[in-house]
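First residue of the sequence shown? That's 5 in the numbering used here, and the numbers climb one at a time after it. All C-beta atoms in this analysis are idealised placements derived from N, C-alpha and C, irrespective of residue type, glycine included. All values reported here derive from a predicted model rather than from experimental measurement.
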Amino acid sequence: MPFFNSTLFESKPELLKGNLQIIACAGSGKTEFVSERIAYMIYKKVARPEQIVAFTFTDKAAEELKFRVRSKIQELLGKQPDIGDMYIGTIHAFCFKILQDFIPKYRAYDMLDEVGRLAFLSSIKRDIDFDYLFNSLNKRHAWNFHKHGNKQNWAYRTFIKDVDLYREEGLTEDATLSDSFRNALKIYLQKLEEKRFLDFSSILRIAVDTLEKEPSVRKKLQDQYSLFTVDEYQDVNPIQEKLIQLISNKQNVCVVGDDDQSIYQFRGADVQNIITFQKRYPKAAIHQLDINRRSSDAIVKTADELIKLNNPGRLKKSIKDKGLKSESGDLYKILFQTQEEEIEWIVSKVQALVGKEFLDGSSVRKLKYSDFAFLFRSISNEATPYIEALRAADIPVIYAGTGGLFDTPEVSSIIKIFAFISQCDKDVEYDDAFLQDVHDNLPTDFSISVKKLKAGVLAIQEATKAQKRLSLQGLYANVLSLLGISDESFHEAEDDVLLFNLGRLSQAISDYEGSREYLTYNSIKDFIWFIRLHAENAYDSGNTDAMAGLIDAVQILTMHGTKGLGFPVVFMPSHFRRNRDPEFGATLLDISKFDSDRFLNYPEDERRIYYVGITRSKKFLFVTSAEYKVGKERRSPRSSFFDEIPSTHFITKEIPDPTKRKSSKIDGVSEEIRFPTSYSELAYYLNCGYDYKMRFIYGFNPELVPALGFGKQVHNVINLLHKDFEDTGKIPTKAKIAKVIEEHFYLRYASDAVAERLKVGAMKSLTKYVQMWEKDFSLSVKTERPFELEFDNALIAGSIDMIKREDGNETVLEVIDFKTGKADNDLMHKYELQVQLYTIAAQQALGINTQKALIHFIDTDKNERLAVQTSPAALETAKEELSFALQGITKATFKRDARQDKICKGCDWCNMCPKRKGYRG
5 MPFFNSTLFE SKPELLKGNL QIIACAGSGK TEFVSERIAY MIYKKVARPE QIVAFTFTDK
65 AAEELKFRVR SKIQELLGKQ PDIGDMYIGT IHAFCFKILQ DFIPKYRAYD MLDEVGRLAF
125 LSSIKRDIDF DYLFNSLNKR HAWNFHKHGN KQNWAYRTFI KDVDLYREEG LTEDATLSDS
185 FRNALKIYLQ KLEEKRFLDF SSILRIAVDT LEKEPSVRKK LQDQYSLFTV DEYQDVNPIQ
245 EKLIQLISNK QNVCVVGDDD QSIYQFRGAD VQNIITFQKR YPKAAIHQLD INRRSSDAIV
305 KTADELIKLN NPGRLKKSIK DKGLKSESGD LYKILFQTQE EEIEWIVSKV QALVGKEFLD
365 GSSVRKLKYS DFAFLFRSIS NEATPYIEAL RAADIPVIYA GTGGLFDTPE VSSIIKIFAF
425 ISQCDKDVEY DDAFLQDVHD NLPTDFSISV KKLKAGVLAI QEATKAQKRL SLQGLYANVL
485 SLLGISDESF HEAEDDVLLF NLGRLSQAIS DYEGSREYLT YNSIKDFIWF IRLHAENAYD
545 SGNTDAMAGL IDAVQILTMH GTKGLGFPVV FMPSHFRRNR DPEFGATLLD ISKFDSDRFL
605 NYPEDERRIY YVGITRSKKF LFVTSAEYKV GKERRSPRSS FFDEIPSTHF ITKEIPDPTK
665 RKSSKIDGVS EEIRFPTSYS ELAYYLNCGY DYKMRFIYGF NPELVPALGF GKQVHNVINL
725 LHKDFEDTGK IPTKAKIAKV IEEHFYLRYA SDAVAERLKV GAMKSLTKYV QMWEKDFSLS
785 VKTERPFELE FDNALIAGSI DMIKREDGNE TVLEVIDFKT GKADNDLMHK YELQVQLYTI
845 AAQQALGINT QKALIHFIDT DKNERLAVQT SPAALETAKE ELSFALQGIT KATFKRDARQ
905 DKICKGCDWC NMCPKRKGYR G
């Protein structure tokens with residue numbers, strides 16, 4: 005990978021140290037610049053890797069930056085870099101790291117994302133008394149279905165918003181307006197603690213409070229980290245800014261962003277952070293990245309003319325194009341008479357362009373469906389007629405966020421089958437006619453007869469009623485098996501979108517199950533209502549999925565969900581007026597107690613959203629709207645922003661494309677596929693390629709088992725015992741082991757009886773470990789040592805259980821990997837390969853010259869460990885096996901090739917997979 009900015013960094017040393025503001029316009033290659041800056045700081049010894057923190061907006065952006073930094077350092081040094089404990093990731097993940105490093109109890113906690121949080125709230129709705137909460141809201145804000153949606157979802161979302169505001173704005177009880185909210189907040193926080201969950205705002209609040217109240221923790225972090233980079237700084241909110249100031253002491257902070265791309269004010273982002281940075285951080289230098297390297301000249305000029313309407317108040321900047329010349333017909337902006345005409349034109353445009361030649365950088369390739377993106381302000385409110393038309397034209401469509409997932413025929417049919425099994429609605433006749441309707445709605449991929457469907461659903465219903473404890477994933481797998489998903493014809497390339505959608509439903513089931521310890525037959529009904537009331541709305545986020553790009557389908561996204569993305573072809577349809585004047589919305593908080601105006605959506609904010617949408621396009625941009633919506637006789641007011649978009653560079657009439665587009669047969673990829681992974685993921689591929697595809701491409705999740713997490717908890721306790729020895733110098737006593745287990749050992753899905761039995765087993769194994777391997781405590785160099793190894797085109801992350809000196813020869817370093825249970829010959833090769841990978845990582849990624857590697861089975865009574873071959877030849881063989889997996893994944897080679905019948909029979913997908921040739925089970 006070439007290095008572009010060495011001359012610049014040599015001539016301007018202020019770009020490497022001190023406070024710095026980088027103003028980066030859309031498509032300016034800021035990730036490239038930031039990665040070179042970090043690499044050059046290390047190269048010039050301005051900082052050691054472990055002193056550097058780089059905050060990104062998303063996990064995906066973090067992974068990309070990690071790859072770039074490593075490649076740039078390798079370009080400078082000529083070898084794979086040891087970046088040690090450099091932190092590259094989100095602010096939330098950094099706060100979670102602070103909690104786990106300094107407050108050990110949080111190592112047993114799990115994170116709740118947005119949907120998981122809704123599922124958790126629905127599991128404690130009786131404790132919180134949402135009827136009381138709704139009544140309080142209704143008195144103040146007069147609930148209206150057309151404005152607010154269903155009552156429960158309105159109450160849930162308002163409560164979540166208020167909880168986040170309460171914590172992130174640092175409010176106290178005097179800012180609350182209702183006993184209902186105060187009581188609900190108290191119970192919510194108690195239940196989070198009881199169930200060992202954290203949500204995003206709690207992570208931020210606890211981390212900031214810890215840093216403010218405990219100077220020793222703050223000092224340790226300030227001593228450890230001394231150079232900071234904050235990407236997408238325009239979207240930082242006040243509590244995140246507070247964290248940045250606490251850990252940096254306002255020194256050596258580099259912020260990267262663009263006030264024109266600040267589009268998250270509704271989440272509390274404060275654009276003034278980037279506008280006033282120079283006033284708040286002493287002696288801050290400034291550097292501009294003002295060339296859009298992504299888009300054609302016409303797109304850049306259009307976006308620039310639009311965003312200039314936000315003057316004054318913007319940072320002073322110029323936005324230039326790279327010289328990529330647009331062709332006539334690349335940009336259309338058309339106002340159609342009817343939405344039907346608009347949609348027909350859009351479909352024909354997709355059909356006309358797919359397969360045509362596209363110059364991607366310096367390489368020519370054909371346009372694929374996945375190169376097409378449709379951007380909406382709201383998927384659920386706007387996208388449906390466009391999606392239906394694309395599907396009717398046999399154009400594959402994927403929801404990169406899951407908005408609209410439950411409207412797809414395959415998912416909606418399965419939800420109806422669940423409703424039949426649970427007899428969900430009292431006013432619905434669950435009879436033969438109902439199942440006939442389900443059958444008629446099924447995609448043609450499902451070839452099941454009506455008779456078989458009826459008999460199968462009734463059999464599943466009877467079996468489900470008889471179960472004392474229900475697995476919703478298990479029920480889902482049985483329904484899919486009934487529908488014929490294990491048929492060979494169901495797993496062809498053209499079925500990718502359908503299977504991807506079914507995988508997303510599996511994830512929705514996991515969101516629901518993951519917040520509950522115990523499910524019964526009645527939980528099916530509760531799950532359906534969770535979907536109806538909450539999940540259908542919750543999934544309209546438009547966030548891009550890491551694996552969505554591996555499926556060749558048109559992508560449907562919200563404009564908010566396109567941050568950092570670019571597409572050769574962008575459609576921006578459906579520009580109808582949203583009828584939203586700036587207002588804070590429903591709340592049970594006193595908005596005078598904080599800067600509530602910051603959350604409002606003003607025309608300047610909306611204009612930024614359109615600017616972001618336009619600049620996602622590399623070449624083709626089609627902005628369309630209509631006078632009349634589908635089926636409407638009255639004219640629909642259109643958004644003023646449709647008219648604001650300058651028409652200068654667009655064709656504004658419905659005329660044929662003036663440019664003759666060449667067809668191409670080059671089916672290349674636009675760039676090298678690089679991805680983060682772990683040994684656990686690669687091991688699934690090595691067992692069976694199709695197992696990997698089901699889990700990590702389609703996104704299916706296996707059934708939850710009561711003992712889930714047992715191994716993780718045992719590893720955590722071992723780590724805590726070793727850290728206690730580091731602090732006290734004392735070998736843990738039996739009483740100490742028992743205390744650590746009591747405080748930190750937690751199995752979320754186990755019944756009390758099962759949890760107690762497993763806890764007793766852990767106590768026995770760990771007591772035996774301390775007694776038999778007492779010397780390890782003084783010989784240990786590091787426990788739970790994280791690493792990231794760049795290998796082929798992947799970044800393999802993991803954690804080495806222990807690195808220690810050899811007993812009797814302390815010049816020799818050993819890698820130790822702990823395994824719960826006893827040695828299993830069928831799994832031994834998998835275990836050995838894992839430890840060989842850890843040895844490679846220790847040597848290449850961490851710079852630790854380990855000479856031995858051993859596997860320690862916790863449950864064994866023998867005072868011995870299994871030695872693993874780590875000779876150069878053995879490690880080379882291990883590398884070849886890992887390369888085989890990585891190449892297969894990047895080439896999308898997912899064969900059903902389980903190496904042993906035992907693996908196939910015990911597979912999580914044995915009722916869903918066509919199974920490999922010759923398998924008999």
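- Exclusion of the five residues before and after Phe201 leaves Tyr113, Asp114, Leu116, Phe124 as the residues of its chain whose Cβ lies within less than 7 angstroms of its Cβ.
- Glu197 and Phe134 have their C-alpha atoms roughly 20 angstroms apart.
- Annotation: Lys48 to Val234 spans about 21 angstroms, alpha carbon to alpha carbon.
- It is roughly 48 angstroms from the alpha-carbon of Ala28 to the alpha-carbon of Val709.
- For Arg639, there is no enclosing alpha helix (DSSP H), since its DSSP letter is neither H nor E.
- Annotation note: the stretch 41-67 contains the following uninterrupted beta strand (DSSP E) runs of length 3 or greater, listed N- to C-terminal: 56-60.
- In the displayed model, Glu517 falls within a helix according to three-state DSSP.
- Residues Asn277 of the same chain have their beta carbon placed closer than 6 angstroms to that of Val240, with the five preceding and five following residues left out of the count.
- For Gly478, the closest C-alpha among the options Cys911, Ile107, Arg41, Thr656 is that of Cys911.
- Counting only the Cα atoms, Phe100 lies some 35 angstroms from Val415.
- As summarised for the stretch 121-172, the continuous alpha helix (DSSP H) elements at least 4 residues long and confined to that stretch are 129-132, 134-145, 149-152, 155-172, given in chain order.
- By the Cβ neighbour-count rule, Arg508 is buried, with 16 or more other Cβ atoms within 10 Å of its own.
- In the DSSP assignment, Asp262 falls outside any beta strand (DSSP E), carrying neither H nor E.
- By the neighbour-count definition (other C-beta atoms within 10 Å, threshold 16), Phe588 is an exposed residue.
- Going by DSSP, Ser803 is part of the beta strand (DSSP E) stretching over 798-810.
- If you look at Gln848, you'll find it in the alpha helix (DSSP H) that goes 832-848.
- Look at Leu293 here: in three-state DSSP terms it is strand.
- Assignment of Arg200 by DSSP, reduced to helix, strand and coil, places it in the coil class.
- Straight-line spacing of the CA atoms in Asp671 and Lys370 works out to 6 angstroms.
- Taking one beta carbon from each stretch, the stretch 309-325 and the stretch 351-366 have fewer than 3 pairs nearer than 8 angstroms; the two do not touch.
- Here Tyr683 has Ile800, Gly802, Gln838, Leu841 as same chain residues with Cβ atoms under 7 angstroms from its own Cβ, once five neighbours each way along the sequence are excluded.
- For Thr787, the enclosing beta strand (DSSP E) begins and ends at 784-795.
- Ranked by Cα distance from Ser426, the options Ser382, Leu476, Ile391 are led by Leu476.
- Taking Arg318 as the centre and dropping the five residues before and after it, the same chain places the C-beta of Asp263, Asp264 closer than 7 angstroms to its C-beta, in chain order.
- Beyond the five residues adjoining it in sequence on each side, Glu245 comes within less than 8 angstroms, by CB distance, of Asp274, Asn277 in the same chain, given in chain order.
- Judged by their CB atoms, Asp166 and Phe185 are nearer to each other than the 8 angstroms cut-off.
- In this chain, Ala896 is not harboured by any beta strand (DSSP E), its DSSP state being neither H nor E.
- Counting C-beta pairs closer than 8 angstroms gives three or more between the stretch 565-579 and the stretch 615-630, which meets the contact rule.
- Here the stretch 360-379 lies against the stretch 570-577, with 3 or more beta-carbon pairs under 8 angstroms apart.
- By the Cβ-count criterion, Gln341 is exposed, with fewer than 16 other Cβ atoms from all chains shown falling within 10 Å of its own Cβ.
- Thr280 is classed as exposed because its beta carbon has fewer than 16 other beta carbons within 10 Å across all chains shown.
- In this structure, the alpha-carbon of Thr628 lies about 11 angstroms from that of Ile649.
- Ala43 is positioned such that its CB atom lies no closer than 8 angstroms to that of Leu69.
- The alpha-carbon separation between Lys458 and Gln465 amounts to approximately 11 angstroms.
- The Cβ neighbour count for His860, taken over all protein chains shown within 10 Å, is at least 16; the residue is labelled buried.
- Take the alpha-carbon of Tyr516 and the one of Phe163: they are about 19 angstroms apart.
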